[in-house]
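These protein sequence lines map, in sequence, to chains A and B. Just so we're aligned, residue 24 is where the first sequence starts under our numbering, counting upward by one. Just so we're aligned, residue 8 is where the second sequence starts under our numbering, counting upward by one.
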Amino acid sequence: MTTNAVTVDHLSKKFRLYHERNQSIKSAIMRGRTSVHEDFWALKDVSFEVPEGSTFGLIGSNGSGKSTLLKCLAKIYYPEKGSIGYKGRVAALLEVGSGFHPELSGRENIFLNGSILGMKKAEITKKFDEIVDFSGVEQFIDQPVKNYSSGMYVRLGFSVAINVDPDVLVVDEVLSVGDAEFQEKCAQKFVDFKKAGKTVILVSHAMGAVRSMCDHAAWLSHGELVSIGEAKPTIDAYLNSLNGAA
Amino acid sequence: MSYIKEVFASRELLANLTLREIRGQYKRTIFGRLWSLVNPLAAMLTYTLVFRFILRLTPAPGDPSGLDIFALWLLCGLLPWTFFQSVVTTGMGSLLANAGLVQKVYFSRIVLPLSVVGSVGYNWLFEMGVLLVALVLFGAFVWPFLPLVLVVMVLLAIFASGLSLALAVANIHFRDTQYFVSIIMQIWMYLTPIIYPISLVQDQSDAHGGLFGTNITIMNIYQLNPLERFVSVFRNLLYDNRWPPVNDVLLCAVWAAAAFAIGLWIFRKNEKGLAEAL
Chain A
24 MTTNAVTVDH LSKKFRLYHE RNQSIKSAIM RGRTSVHEDF WALKDVSFEV PEGSTFGLIG
84 SNGSGKSTLL KCLAKIYYPE KGSIGYKGRV AALLEVGSGF HPELSGRENI FLNGSILGMK
144 KAEITKKFDE IVDFSGVEQF IDQPVKNYSS GMYVRLGFSV AINVDPDVLV VDEVLSVGDA
204 EFQEKCAQKF VDFKKAGKTV ILVSHAMGAV RSMCDHAAWL SHGELVSIGE AKPTIDAYLN
264 SLNGAA
Chain B
8 MSYIKEVFAS RELLANLTLR EIRGQYKRTI FGRLWSLVNP LAAMLTYTLV FRFILRLTPA
68 PGDPSGLDIF ALWLLCGLLP WTFFQSVVTT GMGSLLANAG LVQKVYFSRI VLPLSVVGSV
128 GYNWLFEMGV LLVALVLFGA FVWPFLPLVL VVMVLLAIFA SGLSLALAVA NIHFRDTQYF
188 VSIIMQIWMY LTPIIYPISL VQDQSDAHGG LFGTNITIMN IYQLNPLERF VSVFRNLLYD
248 NRWPPVNDVL LCAVWAAAAF AIGLWIFRKN EKGLAEAL
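Spelled out as structure tokens, the structure:
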């Protein structure tokens, strides 16, 4: 009997499409209103469950609501309706290196970024060597990160994030960071993650990656769930629909 | 309750963000942290020149300390004010300044404005330390009053964070807030007895008596300003070296609690929509 790591229950998320938005008091008063808008439902009544220990892919075309769903899962957006239930600690990897301070050294930024991602200081200290090792920037760890190459910057950010060690990891299109060697390391890390019984939810347009990594997938289109199930049939159905439309 | 727990759980993050501000602030400057002293010193010199030597303001000597140095008298009010002002203005912009973070990572959002209080407060402690040394050198006996000075400093910090929480949210919805507040702050400073003694206001108030046939005097209205009490308590303790009236300290505490409660309530109400509204 497997339990569900994440339960998404009738989730709906609304955005306002502004035709007129008065973000200054003057225009708000002159026009007598703060905005004219219509509602746009980016997610409509989405429900699914992610079994514990599985790798779950979200697929769909641009604008289908994948990222919105991911941000709801990461607790950055709050849904209008429905709820999301978690089991265990959730970490989201929507962007790497968020909160790095360019003038501070790599070492200081590891501690800063780690605590933004919810790690305790003792935890970071314990994993410090591992993080530095994984990022491959040992030599420059005491340099300010503004002097890092963009690859080094991203690798360091990713190393911190991957070491948060959550029960559920929510990942946006960040797998494509660094050079081939680093990508290899990342892929290995995800395999380890899975072996440790952790759950991963990822969004990707790289169908090859989704196919090789995920057990289950959900296909979203215009904010609605089209199909959900085993990864391969879902991906095939999605790709077929694209070809059919073309 | 669960919210308090959550904020308490992010205390390490709060400490780290505060450190980020403190460490990052004076990087790549030759004088480093000394810059934090330059602003109050420059203000002190300007105001002393203009108000002491040109306009000939003479605040009463400290009673019972006997201090009669305009610059020190000024700083006892000016340092708390500059702290208050920069907490409110920087804290107000803290959500916007960290928009990237708010939109990408989940954490307790309140740590952003609170970390500003921490980093500005750190500079303030440093400045107050220097002022303390100066006061002692010129013969003030401040030691027994220090614990209460710290308490009032904390109260002022709470008051300032309450305002900055509310304004940070307002600034997300209306970007005018920041420009508006910078004007308000200028007026507010001159409505607070920082660079002139309150006795001058008392004189005017007595000269005019009750306004519009009522018992309300100019002084009554003037004293509605919460900063007026704070400044007077700081001067009592640091410059005069005597215990301030209990009512004054209580009033400061009430203002601090009220401002923080309202600020927190507004912040909590809007917290969930922040990532979208930015």
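Virtual Cβ for every residue (Gly too), placed ideally from N, Cα, C. No experiment lies behind these values; they were computed from the predicted model shown.
Rounded to whole angstroms, what is the Cα-Cα separation between residue 14 of chain B and residue 117 of chain B? Those two C-alpha atoms are separated by around 8 Å.
Shorter than 8 Å from the beta carbon of residue 112 of chain B to some beta carbon of chain D? Of the protein chains in this structure, namely A and B, none is chain D.
Going by other Cβ atoms of all chains shown within 10 Å of its Cβ, with 16 needed for buried, is residue 242 of chain A buried or exposed? buried
Note down, in chain order, each residue of its chain lying with its Cβ closer than 6 Å to the Cβ of residue 69 of chain B, except the 5 sequence neighbours on either side. 246 and 247
Does DSSP put residue 74 of chain A in a helix, a strand or coil? strand
Which word fits residue 100 of chain A, buried or exposed, when buried means at least 16 other C-beta atoms lie within 10 angstroms of its C-beta? Note on residue 100 of chain A: 16 or more other CB atoms within 10 angstroms of its CB, so buried under the neighbour-count rule.
Under 8 Å between C-beta atoms, does residue 204 of chain A make it to chain B? Chain B has no Cβ within less than 8 Å of the Cβ of residue 204 of chain A.
How is the beta strand (DSSP E) around residue 224 of chain A delimited, first residue to last? 222-226
Any C-beta of chain B within less than 8 Å: which residues of the stretch 128-143 of chain A qualify? 131, 134, 135, 138, 139, 140, 141 and 143
Once the 5 residues before and after residue 106 of chain B are set aside, which same chain residues still bring their CB inside 7 Å of it? 285
Please go through the same chain and pick out, in chain order, the residues whose beta-carbon is closer than 7 Å to the beta-carbon of residue 27 of chain B, but skip the five residues on each side of it. none
In the DSSP output, what is residue 27 of chain A paired with across the bridge? A:74
Name the chain B residues that come within less than 8 Å of residue 48 of chain A, Cβ to Cβ? 181, 183 and 187
Please list, in chain order, all residues of the same chain as residue 212 of chain B whose beta carbon is under 6 Å from its beta carbon, the five residues on each side excluded. 224, 225 and 226
Classification of residue 180 of chain A by the beta-carbon crowding that lies within 10 angstroms, buried from 16 upward: buried
Beta-carbon spacing of residue 163 of chain B, residue 274 of chain B below 8 Å: no
Test item: CB-CB of residue 240 of chain A and residue 224 of chain A under 8 Å: no
Ordered along the chain, which non-local residues of its own chain (more than five positions away) have a Cβ less than 7 Å from that of residue 100 of chain B? 178 and 185
Near-chain A residues of the stretch 89-110 of chain B (beta-carbon distance less than 9 Å), N- to C-terminal order: 105, 107, 108, 109 and 110
What number of angstroms, rounded off, separates the C-alpha of residue 267 of chain A from the C-alpha of residue 136 of chain A? 45 Å
Between A:133, A:210 and A:164, which has its C-alpha nearest residue 187 of chain A's C-alpha? A:133
Between the stretch 159-176 of chain B and the stretch 30-42 of chain A, can you find at least three pairs of beta-carbon atoms closer than 8 Å? no
Is residue 244 of chain B near residue 252 of chain B, with beta carbons less than 8 Å apart? no
Count the other C-beta atoms from every protein chain shown that fall within 10 angstroms of the C-beta of residue 190 of chain B, then say buried if there are 16 or more, exposed otherwise. exposed
Closer than 7 Å at the beta carbon, the chain B residues around residue 19 of chain A: Residue 19 of chain A lies beyond the range of chain A shown here (24 to 269); nothing can be said about it.
Kindly indicate which three-state DSSP category residue 68 of chain A falls into: helix, strand or coil? strand
Which value, in whole angstroms, describes the spacing of the CA atoms of residue 159 of chain B and residue 259 of chain B? 8 Å
Can you find the residues in the same chain that come closer than 8 Å, C-beta to C-beta, to residue 41 of chain A, ignoring five residues on each side of it along the sequence? 58, 59 and 60
Considering only C-alpha positions, which residue in the set B:20, B:140, B:49 and B:119 is nearest to residue 145 of chain A? B:20
Output, in chain order, the set of chain A residues within a Cβ distance shorter than 9 Å of residue 30 of chain B. 124, 126, 127 and 131
For the stretch 71-79 of chain A and the stretch 206-225 of chain A, state whether three or more C-beta atom pairs, one from each stretch, are separated by less than 8 Å. yes
Would you mind telling me which residues of chain B sit closer than 9 Å to residue 98 of chain A, beta carbon to beta carbon, in chain order? What residue 98 of chain A touches in chain B: 113.
Spatial neighbours of residue 152 of chain A in its chain, beta-carbon cut-off 7 Å, leaving aside the 5 residues before and after: none
Beta-carbon within less than 6 Å of residue 115 of chain A's beta-carbon, same chain only, minus the 5 sequence neighbours each way: which residues are those? 97 and 193
Residue 239 of chain B lies in the alpha helix (DSSP H); which residues open and close that run? Annotation for residue 239 of chain B: the continuous alpha helix (DSSP H) segment containing it runs 233-242.
Residue 24 of chain A burial status per 10 Å Cβ neighbour count (16 or more: buried): Caution is warranted here: a pLDDT of 44 is assigned to residue 24 of chain A, below 50, making its placement in the model unreliable, and no coordinate value can be reported.
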